[in-house]
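K.L.:
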Amino acid sequence: MKILTDLHCHTVASTHAYSTVKELLEVARDRGLEAIAVTDHGVELPDAPHLWHFVNLTCLPEAMYGVRLLRGCEVNILDEEGHIDMPEALLGKLDIVVASIHTPAFSGTEPGKDQTRAYLGVLENPYVDIIGHSGNPKYPYKYDPVLLKAKQLHKLIEINAHSFAARPQNVENCRNIALRCKELGVGVAVNSDAHFCGKVGAYGPAVEMLAEIGFPEELVMNRSLDVLREYLKDRKTIC
1494 MKILTDLHCH TVASTHAYST VKELLEVARD RGLEAIAVTD HGVELPDAPH
1544 LWHFVNLTCL PEAMYGVRLL RGCEVNILDE EGHIDMPEAL LGKLDIVVAS
1594 IHTPAFSGTE PGKDQTRAYL GVLENPYVDI IGHSGNPKYP YKYDPVLLKA
1644 KQLHKLIEIN AHSFAARPQN VENCRNIALR CKELGVGVAV NSDAHFCGKV
1694 GAYGPAVEML AEIGFPEELV MNRSLDVLRE YLKDRKTIC
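Laid out in structure tokens, this is it:
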């Protein structure tokens, strides 16, 4: 399975990541990717850039080294209602918005409590495109209502390659989520969540897991830039 866009990459603007935009693009070119999205953390995480970082993304080129550069953000889901930490006026100017739960920014109750409502709430945000790394067992949710809502709204569930190495406790849930997406016909985005340029487009364990369960390639909506554009066209235009 070839996946030619990587929609979740971090730069040095997120201070626990280690590469520049230019370095990410160089690796993307060398690996034959068509596009990457820079998605640094929303402002409520301790390592996040200032809001002005996202305002000023317009100064970046739309493409470099033959790779389309998508301007994005990984926003933080803040609470059990699905509120996020970035202003809608800004999100409307971005190409890709990933929404994830990160413990330092999430005000939800004790770990292990069902967070279906949080995910359903954030899916209703018109600017959110992808639910990020939702396999964390600290924040379980009922798969069917969330996955079906994502399908209804033409949004994507992320299969996060970084989780397989950095968060091994997530792997079983990642597999179960992928299986249910397959059964329900829900679109996914397979992303690296790269925190270093060498990880851009490195989906290895995620792709291996998808192959093991016979996941249909046609549900991987970031397998090419054209497929991604077509999937998102009713909600936004990616040039």
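First residue of the sequence shown? That's 1494 in the numbering used here, and the numbers climb one at a time after it. Backbone N, C-alpha and C define an ideal beta-carbon position, used for all residues, glycine too. None of these values were measured; they are calculated from a predicted model.
1) Can you name the residues that DSSP bridges to A1556?
2) With 16 as the cutoff for other CB atoms within 10 Å, does N1549 come out buried or exposed?
3) Buried or exposed: which applies to R1728, given that a residue is buried once 16 or more other Cβ atoms fall within 10 Å of its Cβ?
4) What does H1534 pair with, by DSSP beta-bridge criteria?
5) Which whole-angstrom value is the C-beta distance of A1598 and N1569, which I expect to be below 8 Å?
6) Measure from the alpha carbon of G1675 to the alpha carbon of each residue in P1619, L1712, A1682, L1649, then state which is nearest.
7) Which residue comes first and which comes last in the beta strand (DSSP E) that contains H1576?
8) How many angstroms separate the CA atom of F1708 from the CA atom of A1659?
9) List, from N- to C-terminal side, the beta strand (DSSP E) runs of 3 residues or more that fit wholly inside the region 1586 to 1614.
10) Could you tell me how far apart the beta carbons of K1648 and L1616 are, in whole angstroms, since I believe they sit closer than 8 Å?
11) Taking the alpha carbon of H1595 as the point to measure from, which residue in C1667, P1539, L1613, K1692 has its own alpha carbon closest?
12) What residue does the beta strand (DSSP E) around L1526 start on, and which one ends it?
13) For the alpha helix (DSSP H) that contains R1501, what are its first and last residues?
14) Just to check my reading of the structure: A1506 and D1523 have Cβ atoms closer than 8 Å, yes? What is that Cβ distance to the nearest angstrom?
15) Among T1513, K1515, I1496, V1520, which residue has its Cα nearest to the Cα of V1693?
P.N.:
According to the data block:
1) Beta-bridge partners assigned by DSSP to A1556: R1561.
2) Under this definition N1549 is an exposed residue.
3) R1728 comes out exposed.
4) Partner(s): E1567.
5) At roughly 4 Å, the Cβ-Cβ gap stays under 8 Å, so A1598 and N1569 are in contact.
6) As written in the sequence, residue 1675 is Lys, which differs from the Gly given in the question. The option with the nearest alpha carbon to K1675 is L1712.
7) Premise fails: H1576 is in no beta strand (DSSP E) and is neither H nor E.
8) Answer to the nearest angstrom: the Cα atoms are 23 Å apart.
9) Complete beta strand (DSSP E) runs here, min 3: 1589 to 1593.
10) Taking a contact as a CB-CB distance under 8 Å, the pair K1648 and L1616 counts as one, their CB atoms being some 6 Å apart.
11) Here the closest residue by C-alpha is P1539.
12) Counting along the chain, L1526 sits inside no beta strand (DSSP E), nor does DSSP assign it H or E at all.
13) A quick correction: the sequence has His, not Arg, at residue 1501. No alpha helix (DSSP H) holds H1501; the beta strand (DSSP E) holding it covers 1498 to 1502.
14) That pair is no contact at about 22 Å.
15) That would be V1520, whose Cα lies nearest to the Cα of V1693.
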